[in-house]
Amino acid sequence: KFKTSRYFPTTARKLISDFAIILPTLIFCEIDALVGVNTPKLIVPSEFKPTSPNRGWFVPPFGGNPWWVYLAAAIPALLVTILIFMDQQITAVIVNRKEHKLKKGAGYHLDLFWVAILMVVCSFMALPWYVAATVISIAHIDSLKMETETSAPGEQPKFLGVREQRVTGTLVFILTGLSVFMAPILKFIPMPVLYGVFLYMGVASLNGVQ
């Protein structure tokens, strides 16, 4: 709402609105350092390696478990399949709703196919499973929205559409991987600050979602 408020010039309001996540994070990290309160900090790995020193990257699917364990695993596997399907598809439906005025078609089946393939790879390597993150996906859509340029304070800009491209998504995940090399800096971020950021992003993403 700050972008359409009556405070500051249009350029300043847009700049503050675009960096609404980074600015509070930096400010409260500085406050945490100045006050000196003992708060839990973000734990960031400094290198790529398995969490357990007793295994390698590949986890053998057939170990020393009895035969009935594999049959019993089919029950929770069915429940997880339903959960993953619902989580992935609900996020895709929210992102591709007609209010966003997307021009490119949605690939529901193709997305789900690649999620399934990558989950098999993650299972063999004991990596976390993942699907389309609802909050992050909606935040990504919001960051790519195109609106009319307005200079009148308090005037609501008109939504024009979304910049449909893959550059930002690719760069986000590249930078996420490179964050391992920023561990000496990221370890100073207090966890309460991140909890506040996640809470804000979750609540803000619910706006307009029916």
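Numbering follows my numbering, with no gaps: position 141 of the sequence shown is 135.
Ideal placement from N, C-alpha and C gives every residue a C-beta, glycine not left out.
All values derive from a computational prediction rather than experimental measurement.
CA nearest to the CA of residue i, picked from the options
{"i": "residue 49", "options": "88, 150 and 120", "result": "120"}
{"i": "residue 156", "options": "163, 137, 167 and 103", "result": "137"}
{"i": "residue 207", "options": "91, 80 and 115", "result": "Any question about residue 207 goes unanswered here, given that the chain covers just -5 to 204."}
{"i": "residue 160", "options": "140, 134, 170 and 178", "result": "134"}
{"i": "residue 41", "options": "190, 178, 196 and 186", "result": "178"}
{"i": "residue 195", "options": "15, 76 and 0", "result": "15"}
{"i": "residue 3", "options": "143, 118, 100 and 176", "result": "143"}
Span of the beta strand (DSSP E) around residue i
{"i": "residue 140", "result": "139 to 141"}
Residue i to residue j span [Cα, whole Å]
{"i": "residue 188", "j": "residue 98", "result": "34 Å"}
{"i": "residue 153", "j": "residue 94", "result": "9 Å"}
{"i": "residue 123", "j": "residue 107", "result": "14 Å"}
{"i": "residue 74", "j": "residue 7", "result": "44 Å"}
{"i": "residue 56", "j": "residue 39", "result": "29 Å"}
{"i": "residue 170", "j": "residue 130", "result": "13 Å"}
{"i": "residue 18", "j": "residue 28", "result": "15 Å"}
{"i": "residue 212", "j": "residue 193", "result": "Examination of residue 212 is not possible in this model, given that the chain is present from -5 through 204 alone."}
{"i": "residue 67", "j": "residue 53", "result": "17 Å"}
{"i": "residue 103", "j": "residue 190", "result": "35 Å"}
{"i": "residue 162", "j": "residue 86", "result": "18 Å"}
{"i": "residue 62", "j": "residue 82", "result": "31 Å"}
{"i": "residue 31", "j": "residue 70", "result": "43 Å"}
{"i": "residue 10", "j": "residue 92", "result": "29 Å"}
{"i": "residue 141", "j": "residue 198", "result": "18 Å"}
{"i": "residue 76", "j": "residue 58", "result": "28 Å"}
{"i": "residue 100", "j": "residue 84", "result": "13 Å"}
{"i": "residue 26", "j": "residue 176", "result": "19 Å"}
{"i": "residue 72", "j": "residue 105", "result": "20 Å"}
{"i": "residue 46", "j": "residue 111", "result": "24 Å"}
{"i": "residue 5", "j": "residue 20", "result": "21 Å"}
Cβ distance (whole Å) where residue i is taken to contact residue j below 8 Å
{"i": "residue 180", "j": "residue 173", "result": "6 Å"}
{"i": "residue 184", "j": "residue 33", "result": "4 Å"}
{"i": "residue 23", "j": "residue 167", "result": "Actually they are not in contact, since the Cβ atoms of residue 23 and residue 167 sit about 24 Å apart, beyond 8 Å."}
{"i": "residue 60", "j": "residue 51", "result": "So it is not a contact: roughly 26 Å between Cβ atoms."}
Bounding residues of the alpha helix (DSSP H) (the contiguous stretch that carries residue i)
{"i": "residue 171", "result": "161 to 172"}
{"i": "residue 153", "result": "Unbroken run through residue 153 is the beta strand (DSSP E), 153 to 156; no alpha helix (DSSP H)."}
{"i": "residue 109", "result": "102 to 118"}
{"i": "residue 82", "result": "68 to 89"}
{"i": "residue 24", "result": "16 to 29"}
{"i": "residue 178", "result": "177 to 180"}
Residue i: CB within 8 Å of a non-hydrogen atom of the ligand PLP
{"i": "residue 41", "result": "The model on display carries no ligand, and the ligand PLP is accordingly not part of it."}
Residues near residue i in its chain [Cβ-Cβ closer than 8 Å; skip 5 each side]
{"i": "residue 78", "result": "109, 113, 123 and 125"}
{"i": "residue 116", "result": "122, 123 and 124"}
{"i": "residue 37", "result": "181"}
{"i": "residue 35", "result": "181, 182, 183, 184 and 185"}
{"i": "residue 118", "result": "52, 53 and 55"}
Neighbourhood of residue i by C-beta distance below 7 Å, restricted to the same chain and skipping five residues each side
{"i": "residue 96", "result": "90, 156 and 158"}
{"i": "residue 139", "result": "153 and 156"}
Cβ-based neighbour list, residue i, same chain, cut-off 6 Å, excluding 5 preceding and 5 following
{"i": "residue 12", "result": "none"}
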